[in-house]
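Student: This note's numbering puts the first residue of the sequence shown at 176, with every later residue one more than the last.
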Amino acid sequence: MTSNLTFLKSISDLASIKQSYKCTKLSENTLFLPLINESEWSNGIRILFYSMALLWCFMGVAIAADLFMCAIEIITSKTKKIRVATDEDDNIVSSEYEEVEIRVWNGTVANLTLMALGTSAPEILLSIIEIVGSNFKAGELGPGTIVGSAAFNLFVITAVCVMAIGNGEVKRISSLGVFLTTSFFAIFAYIWLFIILSVTSPNEVEVWEAALTFLFFPVLVISAYIADKDLCSSMLLSKSRKQEVELGNLDLLNERILKKHHPDLIEYMKEITANSRITEDEAAKLIAMKIDANKNKNYGYYRVASLRNIGGGRKPLPKLNEKLQLILVDPKENCSELGPGKLSSATSANEKAYIEFTASAVSVMENCKSVQLGVERSGNIELQVQVGYETINGTAEAGSDYISKKDVLIFESNETHKHIEVTIIDDNEWEPDETFFVKLYPTQGNEENVVIGHHSITEVTIINDDDPGTVSFEKPSYIVKESCGKAELAVDRVNGADGKLEVLWKTKDQSALHGKDFIGGQGSLIFEHGETCKSINIEIVDDHMFEKDETFVVEFTEIKPAGAKFGRLKRTVVTIVSDDEYKNMFNRVVNLAHINLDKFELGAESWGQQFREAMNVNGGDVDNASVVDYIMHFITFFWKVLFAFVPPCKWYGGWLSFFIVLILIGILTAIIGDLATLFGCLVGLQKEVTAITFVAMGTSLPDLFASRTAAQVEKFADASVVNITGSNGVNVFLGLGIPWLMAAIFHSIKKTPRGFVTPAGTLATSVVTYTVCSLVCIVLLILRRYLKVFGKGELGGNKTLKYFSGVFMISLWLLYVLVSSLVAYKHISPISF
């Protein structure tokens, strides 16, 4: 009897468990999940599991989107050859022709077709999969995600872009016609949704309505193309003007221009190689960065960059060390210019005062409490002048390693030497050698009287050493132009910088002769206490004749005091090249730059490269990997390795990778749909609310980071703002047009009595709310463009007003979510006619 009662109690307990077991595959009509019986799991465990799984799958979609965007980049970067009539100076003529490559895809068309598909693929595929998986019945997750994603994109991402620009800086949209066109279609798309759901055929989508929704997509693309090309206005242009417009679209940074020594690149080359401490490899890296920075980057580039930052993958652009970063920012300010006549003017002209550091690098022991940095004035010493200076963090940080300082240095009349004192913090803890920088700059009102010399920045190294040091040349050889004026030969003092040190040197003739090709002889170089880098200056004679390379030698002869010693490089060879020979060096650097440019390519060349990048943090660039990179690499490792099996995106013009990744994103999106449905069920959210919040934000977060980066880096606001309005229209025309057309045709063939039923209630209210808020947002952007108080730019401007604009846009998104949620929970009635 007891056993029978126990058995019946067990049956009763099991029944109660099954009764309390909710959010199942059957109840939620999911496709795949849950895979196992979760009846014994607590509700909290299931919520935690599905929330973490949802986030993890969002990261998987981000990794897949990286490959997808790379494939799209390869497809849209396809070029064709045309003949252009130019002379050797790139002037348009009619006698000679040269073949150049131009892009086949128009940028606007690419952004609204493949690029938009790449950024919106998860939302579009989710809508299609939900329709097909529910036997062509209207879903709630897909359409809600389409509208919710549009709201998040327009309100939140635009707000972030507005606030991401520096205070006072303003960025405008350059292609206003394209922006207005895409904005019109982005708003019209949602008005059209309301019309077909609530006016023409309430709660039903007919075949013609779905077909027209889909056909609005090519209308959008064609209209934007017309606006981009300004075809109506171009018909009024003369033939020569048309030719100028078309040639203006050529990529002036292609190999043809490099080989012909484009003047801008040659000038930049002169600026950076004027610094005798720059090697050819470093110059090539800087030129590659310069070329890449000047290339027109589309939205896809910034999306890939943001996705790789999230996942700890290979960055599109490698990091530069501190020295090269300073030179990249301002080569004229941070390099020793060896241009014709420029150096001699710094010493011979007396109408201006030339101020610079006495040494380009200084070392100081941590326990010295402070460091004295010598500053000297030459040229006009009669005037009272002043110069500003400030400290800049390197590996040493202000507040923990030294006291930050920004002040003005005043030179009285006939005063030629001053010192800047910077306090060093001794924290009594072992640390490796650390560096920071001190920079000179002209103060306001002194620009006409003061010129900052070559050594405008000095590097301060904090060390724990009291040895007088070892002295050697920085490089075994130097190459200088015959027209450079003088050669600066850097001499380093390492392994100590204590006390004063003097080095005697002399020149030796080789094929270059003293007095004829250079002014040499002998001299001494003095290092004051703490100074670690100085230069021997040798005057170069320009005879304005073509000559072959000529060389001479500079060597050390004696060093004082006795405790100091010479390093490995006791002599250096200086090669003087004519300007024509200098062009050959330019060619060498350009060839190296092309090798560096290959590293900037988004896609991999082979499966081997894909797997190496997938299995290594930061794509193998371990030296520049951060802690966050390691964490995200660990989290996304499975997805990286999985998608490394996809054929490289450079194969078959990118199309093979495009379709395979599209299929994989579709499968992953179906899983995300199940996860989102079950998660929303477990936490008590309606599907519509889950769609417009968690799913919409999860699919749009990569776009947020990409748009923010594009807003900060690009000169104009097109890559960040115009992409949003274009993508929102594409979301509706493809994301709802395709599945609704499929479903409407299916029900038409099946002759379903009520056709393709699509309840208008919640979706119609959501659409109307979004449309009204989007109109307000677009009007605000237009006001920001034309009103002076906002700075006459869509992005940035006055600090207070840019944050006001950003907060206001985010408030529009919160209002949209609030109204849609209240309707979903029936706290307010849906809009109906």
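Where a beta carbon is used, it is the ideal one built from N, C-alpha and C, also for glycine.
In this structure, what does DSSP give as the bridge partners for M540?
Tutor: Mapped onto the sequence shown, residue 540 falls at position 365. Paired residues: I638.
Student: Does the pairing of the stretch 913–925 with the stretch 957–966 give three or more beta-carbon distances under 8 angstroms?
Tutor: No, the stretch 913–925 does not touch the stretch 957–966.
Student: Which one of E565, K815, T598 and M807 has the shortest CA to CA distance from M790?
Tutor: Counted from its first residue, the sequence shown places residue 790 at position 615. Closest by C-alpha distance to M790, out of E565, K815, T598 and M807, is K815.
Student: By DSSP's criteria, T682 is part of a beta bridge. Which residues make up the other side?
Tutor: What you label residue 682 is simply residue 507 of the sequence shown in a count that begins at 1. V729, per the DSSP bridge assignment.
Student: One question on the structure: do E706 and K675 come within less than 7 angstroms of each other, judged by their Cβ atoms?
Tutor: If you number the sequence shown from 1, residue 706 lands on position 531. If you number the sequence shown from 1, residue 675 lands on position 500. Between E706 and K675, the C-beta gap is not smaller than 7 angstroms, which leaves the two residues out of contact.
Student: Using only alpha-carbon positions, find the residue among G671, L584, E714 and E730 that is nearest to K650.
Tutor: Walking along the sequence shown from the start, residue 650 turns up at place 475. Taking only the C-alpha atoms, the option nearest K650 is E730.
Student: So is A325 buried or exposed if we call it buried at 16+ other beta carbons inside 10 Å?
Tutor: If you number the sequence shown from 1, residue 325 lands on position 150. With 16 or more other Cβ atoms within 10 Å, it is buried.
Student: Taking just the CA atoms, how far does V322 sit from C952?
Tutor: Reading the sequence shown from its first residue, position 777 is the one you call residue 952. Reading the sequence shown from its first residue, position 147 is the one you call residue 322. Taking the straight line joining both Cα atoms gives about 16 angstroms.
Student: So, helix, strand or coil for A665, using DSSP?
Tutor: As a working note, residue 665 is residue 490 in the sequence shown. Three-state DSSP puts A665 in a strand.
Student: Roughly how many whole angstroms lie between the Cα atoms of S575 and I600?
Tutor: Your numbering for residue 575 matches position 400 in the sequence shown. Your numbering for residue 600 matches position 425 in the sequence shown. Each residue's Cα considered, the two are about 7 angstroms apart.
Student: May I ask you to list the residues that DSSP assigns as paired with G549?
Tutor: The residue labelled residue 549 in the question sits at position 374 within the sequence shown. For G549, which the question treats as bridged, DSSP gives the partners H594.
Student: Among the candidates S647, F243, I840 and R959, whose CA atom is the shortest distance from the CA of E733?
Tutor: Counting from one through the sequence shown, the residue named residue 733 turns up at place 558. Cα-wise, what sits closest to E733 is S647.
Student: Strictly by DSSP, which residues pair up with S699?
Tutor: In the sequence shown, the residue the question calls residue 699 occupies position 524. In the DSSP output, where bridge partners are listed per residue, S699 has L679.
Student: Decide yes or no for the touch test of the stretch 294–312 against the stretch 844–856: beta carbon pairs closer than 8 angstroms, at least 3 of them.
Tutor: yes
Student: Can you tell me whether S996 is helix, strand or coil according to DSSP?
Tutor: Position 821 of the sequence shown, counting from 1, holds the residue named residue 996. DSSP places S996 in helix when its eight states are reduced to three.
Student: Quick check on P643: buried or exposed, where buried means 16 or more other Cβ atoms within 10 Å of its Cβ?
Tutor: The residue labelled residue 643 in the question sits at position 468 within the sequence shown. Taking every protein chain shown into account, the CB of P643 has 16 or more other CB atoms within 10 angstroms, so this residue is buried.
Student: Report all residues from its chain with a CB closer than 6 angstroms to the CB of E863; omit the five preceding and five following residues, and keep chain order.
Tutor: Within the sequence shown, residue 863 is the residue found at index 688, counting from 1. Contacts found: E315, G319, T937 and A999.
Student: Between the C-alpha atoms of N429 and V982, what's the straight-line distance to the nearest angstrom?
Tutor: Your numbering for residue 429 matches position 254 in the sequence shown. Your numbering for residue 982 matches position 807 in the sequence shown. Residue placement at N429 is flagged as unreliable, the pLDDT there being 43, under the threshold of 50; a coordinate-derived value is accordingly withheld.
Student: Could you tell me whether the Cβ atoms of A662 and I694 are closer together than 7 angstroms?
Tutor: Position 487 of the sequence shown holds residue 662. Position 519 of the sequence shown holds residue 694. Not a contact, by the Cβ cut-off of 7 angstroms.
Student: Three or more C-beta pairs under 8 angstroms: does that hold for the stretch 584–595 against the stretch 535–553?
Tutor: yes
Student: Could you round the C-beta distance between E379 and F931 to whole angstroms and report it? I think they count as a contact, below 8 angstroms.
Tutor: Start at 1 with the first residue of the sequence shown, and residue 379 comes out as number 204. Start at 1 with the first residue of the sequence shown, and residue 931 comes out as number 756. Confirmed, about 6 angstroms.
Student: Using a Cβ-Cβ cutoff of less than 6 angstroms, which residues in the same chain neighbour K681 once the five nearest sequence positions on both sides are dropped?
Tutor: Residue numbering aside, residue 681 sits at position 506 when the sequence shown is read from its first letter. Closer than 6 angstroms at the Cβ level, and outside the excluded window around K681, lie Q697 and T732.
Student: To the nearest angstrom, how far is the alpha carbon of T251 from that of T283?
Tutor: Start at 1 with the first residue of the sequence shown, and residue 251 comes out as number 76. Start at 1 with the first residue of the sequence shown, and residue 283 comes out as number 108. Whole-angstrom Cα-Cα distance: 11 angstroms.
Student: If you compare alpha carbons, which of E622, M234, D684 and K346 is closest to V562?
Tutor: What you label residue 562 is simply residue 387 of the sequence shown in a count that begins at 1. Minimum Cα distance to V562 is reached at E622.
Student: CA-CA distance, A237 and L223?
Tutor: For the purposes of this step, residue 237 is taken as the residue at position 62 of the sequence shown. For the purposes of this step, residue 223 is taken as the residue at position 48 of the sequence shown. The alpha-carbon atoms of A237 and L223 are separated by roughly 21 angstroms.
Student: Less than 8 angstroms between the CB atoms is what I'm expecting for E903 and A361, so what's the real figure, rounded?
Tutor: Numbered from its first residue, the sequence shown carries residue 903 at position 728. Numbered from its first residue, the sequence shown carries residue 361 at position 186. Correcting the residue identity first, residue 903 is Asn in this sequence and not Glu. The Cβ separation is near 4 angstroms, so the contact holds.
Student: Name the residue from K346, S895 and F833 whose alpha carbon lies nearest to the alpha carbon of E248.
Tutor: One-based indexing of the sequence shown puts residue 248 at position 73. Comparing Cα-Cα distances from E248 to each of K346, S895 and F833, the minimum goes to F833.
Student: Of all the options R746, N670 and K200, which has the alpha carbon lying nearest to the alpha carbon of L210?
Tutor: Along the sequence shown, one-based indexing puts residue 210 at 35. The shortest C-alpha separation from L210 is found at K200.
Student: Over the uninterrupted beta strand (DSSP E) stretch that includes S652, give me the two end residues.
Tutor: The sequence position of residue 652 within the sequence shown is 477, counting from 1. S652 to K656 is the span of the beta strand (DSSP E), which, as asked, contains S652.
Student: Where does T874 sit, in a helix, a strand or coil, going by DSSP?
Tutor: Within the sequence shown, numbered from 1, the residue matching residue 874 stands at position 699. Residue state, collapsed to three classes: helix.
Student: When you compare the CB positions of T610 and T636, do they come within less than 7 angstroms of one another, or not?
Tutor: Along the sequence shown, read from residue 1 onward, the residue named residue 610 stands at position 435. Along the sequence shown, read from residue 1 onward, the residue named residue 636 stands at position 461. Yes, the pair counts as a contact, with Cβ atoms nearer than the cut-off.
Student: Which runs of the beta strand (DSSP E) at least 3 residues long sit entirely within the stretch 946–1006? Give them in chain order.
Tutor: none
Student: So what does S647 bridge to, in DSSP terms?
Tutor: Numbered from its first residue, the sequence shown carries residue 647 at position 472. The partner list for S647 (beta bridge, DSSP) reads D667.
Student: Use the C-beta contact count for A737: other C-beta atoms within 10 angstroms, 16 or more gives buried, fewer gives exposed.
Tutor: Within the sequence shown, the letter at position 562 stands for residue 737. Its Cβ having fewer than 16 others within 10 Å, A737 is exposed.
Student: Exposed or buried, I711, counting other C-beta atoms within 10 Å across all chains shown (16 or more means buried)?
Tutor: The residue given as residue 711 occupies position 536 in the sequence shown. Classification for I711: buried.
Student: According to DSSP, is H630 part of a helix, a strand, or is it coil?
Tutor: Indexing the sequence shown from 1 puts residue 630 at position 455. DSSP places H630 in coil when its eight states are reduced to three.
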